[in-house]
Amino acid sequence: MTGSDLCRNAERPAVETCVDRAGVPPLAATPTRGRRERPRSGSTLACRRRDLRRVHLALLVAFIAALAPGGCRPAQRGGSASEAGVGERKAEDGGDESRVVATAPAAQHAWRIVESAGGDVWRTLARHDAAGGRELLVLPRRPQRIVSQTVASDEVLLELLPAERIAGLSTYSASAGTSIDLAKASRVGRFVGGSAEEILALKPDLVITAVYSAPELTRRLRAVGVPVLQLRAFDGWGDIEDNIGAIAAAVGAETAAEELLRSANGRLEAVRSRRARAPAVRALAYTYGNAQAAGSTFDEVLRICGARNVAAEAGLEGWAAIDLERLIVWDPEIVFLSSETGREEAERERFLSQPAVRRTRLGEPGRVVVISGALFGTVSHRYVDLVERVAAALDRLSATHGADDAERSDPAPGKTETASESTP
Amino acid sequence: MSPSTPATSPRARRLLLVTALCIATTVAAALASLLLGAAEIPPATVASILFGGAAEAEIETAGGSLEPEMARSIVLQLRLPRCLVGLLVGAALAVAGVLLQGLFRNALAAPGVVGTSAGGALGAVLALSFGLGLRSSYLVPLGAIAGAFASLVVVARIARHRGRTSITDLLLAGVALNAFLSALNSFVIARAWIDHEVARRINFWLMGGIADRDWSHVAIALPGCAAGIALAIAHARDLDLMLQGEDLARSLGVDGERLKNVLLLATALLVGSAVAVSGVVGFVGLVVPHVVRLAIGPSHRALVLLSAVAGAAFVLLSDLIARTAVSPGELQLGIVTAFVGAPFFVFLLIRERGRVETL
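Each protein sequence line maps, in turn, to chains A and B. The working numbering puts the first sequence at residues 1 to 424. The working numbering puts the second sequence at residues 425 to 783.
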């Protein structure tokens, strides 16, 4: 079996354009004082003028496009931009669904096992993409030297497998700033960055990457015959379940994954049912001037916890920049901030250092909750820990301020509210 | 007064007209900045708060009522500092652009050209990556100012040879240092990704903006901006003479070396102060002096003053767009200045091709 037979995945980089920083003015040309413009023919000048007008027009169009609703939104689950960008190679086995012997949970785009233990192949996984193509992952044997390149897959592997089967984790798992499982990760002890050479040196028989990993890394690994499982969506618990299922199917740890998911879903259901009995708290996740609005991972966390996301109710989507005046007018009962691990209290103090914010009810104890960035942004099974952490904060809030909040008016979603009612 | 006196000459009338236009635009932008906001406080109440009065009863807004103290906090602690920071940043970047364009005798020179912007950004990024932003709100801005000065000292030292500073060497050293500092910035940011929170903090800071600035930011920016603009005004005549050539300026009593040092110092003060409180906001220092020069000519005294006013207006208007274009969300100021500034600059290049290449 050749390298290309081993892994018939093909891809092209996902195209996700989102203007996110200021353009920097061009640097100065060389001094031109006294220099005379060289004579140009009329047609050349006219041509250049036309070109410049086109540039001008293109910039204006780009500006308008960026301002248009949805012009700069994160990819949505199922049919996202990332999926649309997947280059597809049609399956050569005809894609007979009757041969499916096990499936990863739920979504149509999830990886599924389509063939098990036949000939010189241990297992073949496939996923459908939005364009109707299929992507295959052929594993000649049960992987014993797995290299993970995302912090989410690091955490899942550490939960499902003994350290001996993990040849390397992403460098993020070596840092308290991004990893929740530092102690477990240290048992593996090998952390690799995004270099194909570093990864190949570990002689992996499976590499797990994400859609946001460097496309050339995935291409190079596949080109030399290393099977690569690329995780494609991270937009909520459904995607996380799919990813855990895919990893489990690829490493042969379905039983452990089922147990993990059963436990996680049980915990989520417990939170959901407990919080369903509590009044809906008006909450906001606010990170460095940005609200996490509809479609964000934290929006789903708040919904599971029975809270109302004031940013989503105001019609915002994804990560949306808002100023403190807007936050004050929205008057959330509780705000969740993220911070570097170990600096949560400093972040809370920084947020409350603004007198106008202190004057709102957020100045009361228990209304500003700071969560470490590693947990705040997790897209592994540790998501359940995040949900429980948020639910616990909401429980405490209901216990301490529930009566006060009930007395205060509860304005219609998205409407400008009375800040006076929020002032303690 | 006869038609031939300077006060009524076409040039003077044009200067008066442009001055009036710039001041009116800046005042209008500042008023809009103070009056517009999520809380919908009535203009009369905003005026009353600004002039020391305070409403005693609750203030009725379109969305409900607002406690007087809260309205006061919003106007005095959020809107006013934001407006003042916008004025200072705009004025500082525009005047820095005037100084660099005059110094390099090139209308395409911008505050980034001698590495001060990149140095300021690196100082702030280092401060953020070491977590200093959480220890004190002053440390990141101070890091930016220190970075701007350090980059200036390096450029000046490189360009200085046998007691003289060559403008060409200064320009080339600035370009080289810019590239080096940008690489350093990328290195620090790449290292910072090991902690997503730090990297996010840095990235949002680098996008540039004046949202949620408070009085500490005004206090940080004001001294450097005032000193930089004062230095620019004080040396405007010398800069005019330098435009005629260094030899001629020397024969008329201008100490060219001292002037270059003073102008670089002023640039570092201005850019460092602006970057310290707003991050990297592009195009202000490039577009504003250029537009003002097209309107009133190259005389530096008027150019410095009017560029300061026009720069303030440009940043405040851009900030108004940033605040309102995708309301209730916001855009980053740096994005708006680039989107507005770049097409406008291209338009000017097309229209005034001959004039922009020679001051």
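All C-beta atoms, glycine included, are put in the ideal place defined by N, C-alpha and C. Quantities reported herein were computed from a predicted structural model and do not represent experimental measurements.
key: Among B/530, B/691, B/582, the one whose alpha carbon lies nearest that of residue 515 of chain B   = B/691
* For residue 453 of chain B, count neighbouring Cβ atoms within 10 angstroms of its own Cβ and tell me buried if that reaches 16, exposed if not. => buried
Exercise. Would residue 390 of chain A count as contacting chain B if we go by Cβ distances under 9 Å?
Worked result: no
query: What whole-angstrom Cβ distance do residue 519 of chain B and residue 720 of chain B have, given they're in contact under 8 Å?
result: Rounded, the Cβ-Cβ distance is 15 Å, inconsistent with contact.
- request: Scan the stretch 161-185 of chain A and note each continuous beta strand (DSSP E) run of 3 residues or more that stays entirely inside, going in chain order.
  value: 166-170
**Message:** Under 9 Å, Cβ to Cβ, is there at least one residue of chain A near residue 503 of chain B?
**Reply:** yes
Residue 203 of chain A, buried or exposed, once every other Cβ within 10 Å from all chains shown has been counted against 16: exposed
What number of angstroms, rounded off, separates the C-alpha of residue 219 of chain A from the C-alpha of residue 227 of chain A?
10 Å
ask   = For residue 668 of chain B, does the count of other Cβ atoms within 10 angstroms reach 16, so buried, or fall short, so exposed?
value = exposed
Exercise. So what does DSSP say about residue 468 of chain A, is it helix, strand or coil?
Worked result: Because chain A here runs from 1 to 424, residue 468 of chain A falls outside it and cannot be looked at.
How about the stretch 744-755 of chain B and the stretch 544-559 of chain B: do they share at least three Cβ pairs that are nearer than 8 Å? no
What residues in its chain sit with their C-beta under 6 Å from that of residue 542 of chain B, if we drop five residues either side in the sequence? 602, 605, 606
| field | Complete runs of the alpha helix (DSSP H) confined to the stretch 195-276 of chain A [at least 4 residues] | value | 196-201, 215-223, 237-251, 254-276
* Could you tell me which of B/437, B/502, B/558, B/634 sits nearest to residue 697 of chain B, measuring between CA atoms? => B/634
* At what residues does the alpha helix (DSSP H) containing residue 775 of chain B begin and finish? -> 757-775
| Who are the neighbours of residue 670 of chain B on chain A, taking C-beta pairs under 9 Å? | Simply none; closest approach about 11 Å.
- Nearest to residue 278 of chain A by CA position, among A/127, A/393, A/161, A/138, is which residue? A/393
**Asked** Should residue 164 of chain A be labelled buried (16 or more other beta-carbon atoms within 10 Å of its own) or exposed?
**Response** exposed
- Task: Give a yes or no on whether the C-beta atoms belonging to residue 472 of chain B and residue 507 of chain B are separated by under 9 Å.
- Result: no
Once you ignore the five residues that flank residue 289 of chain A on each side, which residues in its own chain have a CB closer than 8 Å to its CB? 321, 322, 323
**Report entry** CB of residue 334 of chain A within 9 Å of CB of residue 249 of chain A, strictly
**Finding:** no
Helix, strand or coil for residue 191 of chain A per DSSP?
strand
Quiz item: Apart from the five residues just before and just after residue 533 of chain B, which ones in its own chain have a Cβ nearer than 7 Å to its Cβ?
Solution: 524, 525
CA-CA distance, residue 529 of chain B and residue 521 of chain B? 11 Å
* Apart from the five residues just before and just after residue 475 of chain B, which ones in its own chain have a Cβ nearer than 7 Å to its Cβ? -> none
I'd like to check one pair, residue 701 of chain B with residue 513 of chain B: are the Cβ atoms closer than 9 Å?
yes
Can you tell me whether residue 243 of chain A is buried or exposed? The criterion is at least 16 other CB atoms within 10 Å of its CB, across all chains shown. buried
Report the neighbours of residue 325 of chain A on chain B: residues whose CB is nearer than 8 Å to its CB, in chain order.
461, 462, 463, 498, 502, 503
Subject >> Boundaries of the beta strand (DSSP E) in which residue 292 of chain A is found, first to last residue >> reply: 290-292
message: Does the distance between the C-beta of residue 312 of chain A and the nearest non-hydrogen atom of the ligand GDP fall short of 8 Å?
response: Judged by which ligands are present, the structure shown has none, so any question about the ligand GDP falls away.
For residue 754 of chain B, go through chain A and note every residue whose CB falls closer than 9 Å to its CB, in chain order.
289, 320, 321, 322, 323, 326
*the stretch 173-185 of chain A contacting the stretch 148-156 of chain A, beta-carbon criterion three pairs below 8 Å*: yes
Assign residue 634 of chain B to one of three DSSP states: helix, strand, or coil.
coil
For this session: Using a cut-off of 8 Å between C-beta atoms, extract the partners of residue 316 of chain A located in chain B.
Result: 752, 753
request  = Could you tell me if residue 8 of chain A is buried or exposed, where buried requires 16 or more neighbouring beta carbons within 10 angstroms of its beta carbon?
outcome  = Because residue 8 of chain A carries a pLDDT of 34, less than 50, the predicted location of this residue cannot be relied on, and no value is offered for it.
Exercise. Name, please, each residue of chain B whose Cβ falls closer than 8 Å to the Cβ of residue 171 of chain A.
Key: 618
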